[in-house]
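Note sheet for the following structure.
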Amino acid sequence: MLAAQDLYCCPRLPEAGIAQHLQLKGWKLILAAQDGPAQTSPSAGLQGQVGLVWLDEPSSPWLERSLQCLRGLRSPGPIQWVGVLPRQALEQSVWRELVINHLRDHQTHPLSCEALDHMLASAQRRACLLQGGGALTLVDDDLGMIGQSPAMAGLRHQIRKVALVDAPVLISGESGSGKELAAQAIHKQSRRATGAFVAVNCAAIAPALIQSELFGHERGSFTGATSGRAGLIEAAAGGTLFLDEIGDLALELQTNLLRFLQEHTIQKVGSSRTLQVDARVIAASHIDLASAVGTGRFREDLFYRLSVLPLHLPPLRERLSDIPALARHFLRTSLAGLSHTQVEGFSQDALSALLAHPWPGNVRELQNRMRRAVVMADQRLISAADLGLPGPQHDAALALDAARCLAEREAIEVALGRADQNITHAARLLGVSRMTLYRLRQKHGLGDYPIAA
Ligand SMILES: Nc1ncnc2c1ncn2[C@@H]1O[C@H](COP(=O)(O)OP(=O)(O)OP(=O)(O)O)[C@@H](O)[C@H]1O
Ligand SMILES: [Mg+2]
């Protein structure tokens, strides 16, 4: 341990010999007050917070004090509690409950310094991971998008390519699938990264206002226009204009937008002057724009102009292997800053429920369920019920079978992603023959690849 690391102790500090040993090992012992905050101000940072319940005798006042500390201590992040207790304490149900519900590990007296060091180091590693420090980086790369499924690997590849040019991009995908995140990633990867990213939700602006919101207006151009104003397109000059829900744009505005895309010029409301604006357009829609063209709701010429570079965000149910990593990511972000929580992960049942759910609201739904679960959970591990999902409904054998099948599919997807869809390479990674991998792909409905890759 390089710098001294806080170790919250309750209900009392360890005996002198042990305390001295811990200090030599780099722990700064803080007696956690029974009525809330620690007695000294904790040194925050990314080291993760560790607490030690040290008990010499299992009396009721000590139990009360310990519980108050475990529930009420404020710290910069979630604390990983471990405990050292007399053996007879574990014969009492109240202490057993405390251990089960609040501690991630425990030892009984007499214990060796080595065993104590081991337990604290393990808690520290875990606290560090939960707090986002240490070696673990869950955001995969600079695109800020979680997920290693072939679909996500392909998407990242496409994003990097389209970021190199200035042509319009049309992003399709169900609600909550990550369209805006993908648009931001394109912007950040592009030469326009230092310019503005201006997001406009075409469905959320009143039809009467959208013309002047987008194109700006001159003073006196309509009742109430007491001063001239630049529009959102102009605000995106040198950067990127993200037009969300473009399918909701009125036909008249579609014409004006088409002119901007063709000539890179705009006319403010009430002005006859044309203004040159250099903004890249990325549009998104959760409705199928091609069918909107078919029904006359969307201009065909605008559709073709926008869809020079189409990107599709696959729904979450089609990339199951991304769910565990996304869930861990949202668990970590939901826990950040929460001190009154003992949550540190999710149970196997919760994971099975996450994998079985059809995710109509896609990644946003997963994010919201995880936020809710962190608040609702009473235990260290989030359950399916905390997520608002049905628990396991099959018998154990079926569940095991489903888990095996999912694990197999996940391994295949990850290997193919790493091998850039090269069957020979992926088969080598998985330690199976090409023929076996070909058969497994078919079994899991993972596409139809030629045997000779
Ligand atoms: N791959 C991902 N990794 C991490 N976070 C993600 C990922 N995909 C989506 N999110 C998060 O999920 C939420 C929804 O994503 P986003 O707003 O980009 O979706 P959307 O397709 O634009 O949704 P809508 O159609 O409802 O506007 C956001 O908080 C976003 O940061
Ligand atoms: Mg969006």
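In my numbering, the protein residues as written are 784 to 1236.
Cβ coordinates follow ideal geometry from the N, Cα and C atoms, glycine included.
Would you say the beta carbon of residue i is closer than 7 Å to some non-hydrogen atom of ligand 2?
i: Ala1067; result: yes
i: Glu957; result: no
i: Lys944; result: no
i: Asp1161; result: no
i: Asp1027; result: yes
i: Glu1001; result: no
i: Glu963; result: yes
Cβ atoms of residue j and residue i: under 8 Å apart, would you say?
i: Ala979; j: Gly1007; result: no
i: Cys792; j: Leu807; result: no
i: Pro990; j: Val1091; result: no
i: Ala1108; j: Gln972; result: no
i: Glu1196; j: Leu1229; result: yes
i: Ala1167; j: Val1126; result: no
i: Pro794; j: Ser876; result: no
i: Pro869; j: Leu838; result: yes
i: Asn1205; j: Glu957; result: no
i: Leu1044; j: Val1064; result: yes
i: His1140; j: Leu1164; result: no
i: Arg1152; j: Leu1170; result: yes
i: Ile954; j: Ala1062; result: no
i: Ile1029; j: Cys985; result: yes
i: Leu1041; j: Arg1088; result: yes
i: Arg1082; j: Met935; result: no
i: Ala815; j: Cys852; result: yes
i: Val836; j: Leu894; result: no
Straight-line CA distance for residue i to residue j?
i: Phe1031; j: Glu996; result: Inspection of the sequence shows that residue 1031 is occupied by Asp rather than by Phe. If you take the alpha carbons of Asp1031 and Glu996, they lie about 15 Å apart.
i: Leu1098; j: Trp1142; result: The residue asked about is misnamed: residue 1098 is Pro in this sequence, not Leu. If I take the Cα positions, the gap works out to 8 Å.
i: Ala872; j: Arg1100; result: 47 Å
i: Ser843; j: Gln803; result: 28 Å
i: Pro859; j: Gly1128; result: Low local confidence applies: a pLDDT of 48 at Pro859 is under 50, so the model's placement there is unreliable, with the coordinate-based value given in what follows. Pro859 and Gly1128: Cα-Cα distance of roughly 19 Å.
i: Lys1048; j: Lys962; result: Note on residue identity: the sequence assigns Thr, not Lys, to residue 1048. Straight-line Cα distance between these residues: approximately 26 Å.
i: Ala1210; j: Pro933; result: 15 Å
i: Gly1214; j: Leu1138; result: 26 Å
i: Ala738; j: Ala1110; result: With the chain running from 784 to 1236 in the structure shown, residue 738 is simply not present.
i: Arg1002; j: Thr1057; result: 16 Å
i: Thr823; j: Asp789; result: Caution is warranted here: a pLDDT of 40 is assigned to Thr823, below 50, making its placement in the model unreliable, and the coordinate value is therefore given only provisionally. Answer to the nearest angstrom: the Cα atoms are 10 Å apart.
i: Asn841; j: Glu847; result: A quick correction: the sequence has Pro, not Asn, at residue 841. Cα to Cα, Pro841 sits roughly 11 Å from Glu847.
i: Arg909; j: Met928; result: 23 Å
i: Trp810; j: Leu1149; result: 38 Å
i: Val1052; j: Arg1012; result: 10 Å
i: Gln994; j: Gly1014; result: 9 Å
i: Ile1106; j: Ala1119; result: 20 Å
i: Leu1189; j: Ile988; result: 43 Å
i: Gln830; j: Leu1121; result: Residue placement at Gln830 is flagged as unreliable, the pLDDT there being 48, under the threshold of 50; the coordinate-derived value follows with that caveat. Those two C-alpha atoms are separated by around 16 Å.
i: Val882; j: Val833; result: 15 Å
i: Arg943; j: Thr1207; result: 26 Å
i: Leu1223; j: Leu1072; result: 35 Å
i: Val983; j: Gln1037; result: 14 Å
i: Val1157; j: Leu805; result: 32 Å
i: Leu1114; j: Glu1191; result: 25 Å
i: Ser1010; j: Val981; result: 22 Å
i: Ser1004; j: Phe998; result: 13 Å
i: Leu1212; j: Thr1219; result: 13 Å
Please determine whether the Cβ atom of residue i lies at a distance below 7 Å from any heavy atom of ligand 1.
i: Gln1150; result: yes
i: Ile929; result: yes
i: Ser960; result: yes
i: Val1146; result: yes
i: Leu1103; result: no
i: Ile1096; result: For the sequence presented, residue 1096 should be read as Leu rather than Ile. Yes; taking the cut-off as 7 Å, the Cβ of Leu1096 has a heavy atom of ligand 1 nearer than that.
i: Glu1035; result: no
i: Glu1196; result: no
i: Leu742; result: Nothing about residue 742 can be reported from this structure: the residues present for the chain run from 784 to 1236 only.
Please indicate yes or no: does the CB of residue i lie closer than 7 Å to some heavy atom of ligand 3?
i: His1112; result: With respect to ligand 3, the structure offers nothing, as its ligand set consists of ligand 1 and ligand 2.
Contact the stretch 944-952 vs the stretch 1127-1138: 3+ CB pairs below 8 Å: Not touching, per the Cβ criterion.
Validate contact between the stretch 861-870 and the stretch 903-913 using beta carbons, cut 8 Å, 3 pairs: Flag = yes, the stretch 861-870 and the stretch 903-913 touch.
Inter-stretch contact at 8 Å, needing at least 3 Cβ pairs: the stretch 1011-1028 / the stretch 965-981: The stretch 1011-1028, when compared against the stretch 965-981, does touch it at the 8 Å Cβ threshold.
Sequence ranges, alpha helix (DSSP H) only - wholly within the stretch 1195-1221, length at least 4: If we require 4 residues or more, the alpha helix (DSSP H) runs fully inside the stretch 1195-1221 come out as 1206-1213.
Residue ranges of each beta strand (DSSP E) within the stretch 924-1004, 3 or longer: Taking only runs of at least 3 residues, the beta strand (DSSP E) segments lying wholly in the stretch 924-1004 are 952-956, 980-984.
Length at least 4, wholly inside the stretch 1019-1069: the alpha helix (DSSP H) runs in chain order: Within the stretch 1019-1069, the runs of alpha helix (DSSP H) that reach at least 4 residues and sit entirely inside it are, in chain order, 1034-1046.
Length-filtered (4 minimum) alpha helix (DSSP H) runs lying within the stretch 1067-1130: Within the stretch 1067-1130, the complete alpha helix (DSSP H) runs of at least 4 residues are 1072-1077, 1083-1089, 1106-1118.
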